[in-house]
Structures are given as structure tokens and as C-alpha cells.
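Report on the following structure.
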Amino acid sequence: MKITEKGLVLKEVKLRESDRILTLLTAGHGVISASARGSLRPGNKLFSASGLFCYSEFVLHEGKTMYTVDEASPIEVFFGLRQSLEAVSLAAYIADIVQILSPTGAEAEKLLRLALNSLHMLSLEKRSPAFVKAVFELRALAESGYLPNLLACGNCGKYEEATFFFDAGQGTLLCGSCAGEAEKTPNLNAAALSALRHIALADDARLFNFELGPESLALLARATEQYLLFHLDYPPKTLAFLKTVL
Ligand SMILES: [Zn+2]
19 MKITEKGLVL
29 KEVKLRESDR
39 ILTLLTAGHG
49 VISASARGSL
59 RPGNKLFSAS
69 GLFCYSEFVL
79 HEGKTMYTVD
89 EASPIEVFFG
99 LRQSLEAVSL
109 AAYIADIVQI
119 LSPTGAEAEK
129 LLRLALNSLH
139 MLSLEKRSPA
149 FVKAVFELRA
159 LAESGYLPNL
169 LACGNCGKYE
179 EATFFFDAGQ
189 GTLLCGSCAG
199 EAEKTPNLNA
209 AALSALRHIA
219 LADDARLFNF
229 ELGPESLALL
239 ARATEQYLLF
249 HLDYPPKTLA
259 FLKTVL
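With the numbering used here applied, the sequence shown covers 19 to 264.
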């Protein structure tokens with residue numbers, strides 16, 4: 019059976035002289051494997067559309083163990099990613115997380131949109147890699163059914179205060195005063211908390227539309243990474259390297 023699907027290339031594994039096995043994130047079929055025969059031969063019709071981090075339209079047919087790519091045409095190749103080690107390392111991390119979450123159904127469509135928007139921001143250098151990383155980490159989990167409870171202090175219900183404690187394991191908040199009573203050290207300031215709330219709840223179109231100073235971004239980054247690592251079955255292999263370049 020043949021299917022036509024738009025997909026983002028999350029991974030490519032070279033096979034023999036000129037073949038590649040691709041891992042694709044698609045809206046309709048989630049994460050799938052597809053063999054792209056001959057795609058490493060220069061001039062091959064699949065060459066440009068089946069490279070790593072390409073977003074392309076694929077015509078696939080279903081085989082016993084995986085799909086085979088019959089045709090592919092590039093939609094967006096995110097050329098700018100190759101210009102920066104930080105950007106390409108973060109793209110690899112994003113691809114890694116998508117494969118760990120391995121979304122299906124409506125979640126696959128949401129995660130595909132998030133991944134494409136994140137790569138777009140990186141490729142055009144519209145936001146810093148550290149900023150995109152934090153947004154992706156929290157939003158990917160929120161879209162996968164792990165929305166933290168960021169509304170107010172879980173103890174007294176306070177919505178605003180100078181500092182808050184975010185419990186990454188529970189996905190809950192304590193205001194500065196309640197954190198003090200519980201002997202927890204606050205790990206968010208007001209700006210970092212408002213960024214967390216924005217990332218969890220904003221529309222796709224406005225997701226990256228906020229600004230954050232370096233100190234607040236560092237607090238946000240720590241919170242989103244802890245929350246992500248707590249909820250994944252295993253840590254992304256690409257994280258250690260990413261940390262050496264960011
Ligand atoms: Zn409180």
C-alpha cells in the first residue's frame with residue numbers, strides 16, 4: 019500500500035554504499051522507519067529530500083519491516099542549521115527527544131509542528147539555542163500529556179510572588195513563603211515563572227514570542243531540563259554533547 023506523508027527526517031543511518039535508513043516524524047503515522055535506496059548517490063532523486071533534518075513530502079510503500087521511499091521532494095531543508103554547531107547539536111537533541119516520546123495520533127501532529135517551529139527559529143537565528151531548547155523541552159512534554167500545574171502555589175494558592183519553587187518531579191509550584199516553610203530553595207523568579215506559563219499555554223503562533231534576560235533564562239532552562247529528564251524513560255544521548263557546546 020502506498021501512502022503520501024510529509025515528514026521530518028530525525029535520523030539517517032547509512033547502509034551499504036549509497037542507501038540510507040531514515041527515521042521520520044510524520045503527522046499521520048507518528049515516528050516511522052523508511053529505507054531510501056540509492057539516496058546517497060549524487061544526483062539520485064531522493065538525495066536532497068532525505069537528508070538529516072529535511073522536511074519533505076514522501077511517497078512511501080509499506081514493506082514487511084519498514085517503509086520504502088519511492089519519491090521525496092523537499093519542503094524545507096533548514097539550511098541555516100549547518101552554519102552553527104550549537105544549532106545542529108540542538109536539532110539532534112530535539113530529534114532524540116521526539117524519538118523517545120514517539121508520539122502517535124494527534125500528539126504526533128502537535129510535536130511535528132513544534133519541532134518544525136523550533137528548527138525554523140534555530141535555522142534563521144531568530145532565538146538563541148538556549149531559548150529554543152527550553153521552549154521545546156517544556157512544550158514537547160505539555161503536548162504529550164505532561165502539562166505541569168503552573169497556575170498558582172499548590173499550598174496557599176498565591177498566583178504572583180517574587181520567587182517560586184518549581185518541583186520538577188511533581189510539576190507543581192510553591193510560592194516563596196510556602197517554599198521557605200517547606201525548607202525548599204526557590205528556583206524561579208517572576209519572569210522565569212511567567213515564561214514557563216507562557217510556554218505551557220500559549221498558542222502555537224505566539225509560542226516563541228517572549229523575551230527573557232540571561233538570569234531568568236538560566237532559571238527557566240534549569241526548570242525545563244529537570245522537568246523533561248524526570249518524565250522521559252531515559253535521558254537523551256545527545257544531551258551531554260549539547261551541554262559542552264551551549
Ligand atoms: Zn504559597
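Backbone N, C-alpha and C fix where the C-beta goes; we use that ideal spot for every residue, glycine too.
- Under the Cβ criterion (8 Å, minimum of three pairs), the stretch 108 to 125 counts as touching the stretch 157 to 164.
- Contact annotation: G25 and F76 have beta-carbon atoms nearer than 8 Å.
- As summarised for the stretch 98 to 172, the continuous alpha helix (DSSP H) elements at least 4 residues long and confined to that stretch are 103 to 119, 123 to 141, 147 to 161, given in chain order.
- The Cβ atoms of K29 and A113 sit closer than 8 Å to each other.
- Per DSSP, the unbroken alpha helix (DSSP H) holding F248 starts and ends at 232 to 249.
- Collapsing the DSSP output to three states places T262 in a helix.
- When distances are taken from the beta-carbon of N135 to the heavy atoms of ligand 1, even the shortest one reaches 7 Å or more.
- Relative to ligand 1, S107 has its C-beta separated by 7 Å or more from all heavy atoms.
- A Cβ-Cβ separation of about 6 Å places V87 in contact with L64 under the 8 Å criterion.
- Closest in alpha carbon position to N227, among C196, N135, L192, is N135.
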